[in-house]
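Mapping of the sequence shown onto the working numbering: position 29 corresponds to residue 82, and the numbering continues sequentially without gaps.
From the three backbone atoms N, C-alpha and C, an ideal C-beta is built for every residue, glycine too.
Following: one structure in structure tokens, then a few remarks.
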Amino acid sequence: MDRSELDSATSDERLVARAQQGDAGAFEQLVRRHQDRLYNLCLRLSGSRTQAEDLAQAAMLQAFEALPRFEARSRFYTWLFRIAVNLAHSYRRRQRRAPASLDAMDGDGGPRPVAESWALDPLERIDRAEKAERLGRALAELDEEFRAAVVLKDIEELDYATIAEILEVPIGTVKSRIHRGRMFLRAALTACDDEEDARDRVGK
Numbered sequence: 054m055d056r057s058e059l060d061s062a063t064s065d066e067r068l069v070a071r072a073q074q075g076d077a078g079a080f081e082q083l084v085r086r087h088q089d090r091l092y093n094l095c096l097r098l099s100g101s102r103t104q105a106e107d108l109a110q111a112a113m114l115q116a117f118e119a120l121p122r123f124e125a126r127s128r129f130y131t132w133l134f135r136i137a138v139n140l141a142h143s144y145r146r147r148q149r150r151a152p153a154s155l156d157a158m159d160g161d162g163g164p165r166p167v168a169e170s171w172a173l174d175p176l177e178r179i180d181r182a183e184k185a186e187r188l189g190r191a192l193a194e195l196d197e198e199f200r201a202a203v204v205l206k207d208i209e210e211l212d213y214a215t216i217a218e219i220l221e222v223p224i225g226t227v228k229s230r231i232h233r234g235r236m237f238l239r240a241a242l243t244a245c246d247d248e249e250d251a252r253d254r255v256g257k
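Below is the structure:
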């Protein structure tokens, strides 16, 4: 853990202690500090901005309700991420059991690309947006256990030990899930590129 991470963890510990003593403002600070990363995690896990907002809010609410029982054996954000991952898994299991609904086809079925700097060339912005969309679709096809591991490692850039703590599995299992998830994504993205190349050749 580097100095900035150590300072952040120490600050979180203080805020958690104050929140456990009834300081609502301290919990609000925790929310502000982690809400963006939490939302981005939920977005990658769910594939929908609307669902990500709901999951992030549910995770924060569950964390608030469980805060008196939080014993700080793990860092606050790893505990919060664990809650979010479990909620996302539960949501997807319910979604698979539910009949298909036209309401679900609202055009919000995948993570939308982060807004790019307008200093970029327009064609470069389009290319990045298309790649982000393809990645979002490929992530949505991943089994949830592989998706969570890949997102936590390659997007959140967490270390293996932290991911193992969040997912509550051994480090070896984390590495295996990341490897298998990356292989699936690589194959899916390659297939997508091949399809686009074929369409381009037909169109010429």
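Beta-carbon spacing of residue i, residue j below 8 angstroms
i, j, result
"Gln73", "Pro121", "yes"
"Arg97", "Leu242", "no"
"Val138", "Ala217", "no"
"Ala70", "Ser99", "no"
"Val199", "Arg233", "This sequence places Phe at residue 199; Val is not what is there. Closer than 8 angstroms, so yes."
"Glu197", "Arg145", "yes"
"Leu94", "Leu83", "no"
"Ile219", "Phe134", "yes"
"Tyr213", "Val203", "no"
"Tyr92", "Glu81", "no"
"Phe129", "Leu195", "no"
"Glu66", "Ala125", "yes"
Simplified DSSP assignment, three categories, for residue i
i, result
"Glu186", "helix"
"Glu197", "helix"
"Glu218", "helix"
"Asp107", "helix"
"Glu124", "coil"
"Ser64", "helix"
"Gln115", "helix"
"Thr210", "At residue 210 the sequence reads Glu, which differs from the Thr that was named. If DSSP states are grouped into helix, strand and coil, Glu210 belongs with coil."
"Ser101", "coil"
"Asp156", "Bear in mind that a pLDDT of 39 at Asp156, under 50, signals an unreliable position, so the model cannot answer this."
Check: residue i C-beta below 7 angstroms from any heavy atom of the ligand NAP
i, result
"Arg135", "The model depicted lacks the ligand NAP and carries no ligand whatsoever."
Residue environment, residue i, which counts as buried when at least 16 other CB atoms sit within 10 Å
i, result
"Asp205", "Correcting the residue identity first, residue 205 is Leu in this sequence and not Asp. Flag for Leu205 reads buried."
"Leu114", "exposed"
"Arg239", "exposed"
Beta-carbon separation (whole angstroms), residue i vs residue j, contact threshold 8 angstroms
i, j, result
"Ile136", "Ala116", "6 angstroms"
"Thr131", "Thr215", "6 angstroms"
Any C-beta of chain C under 8 angstroms from that of residue i
i, result
"Arg86", "The question asks about chain C, but that chain is absent: this structure has only one protein chain."
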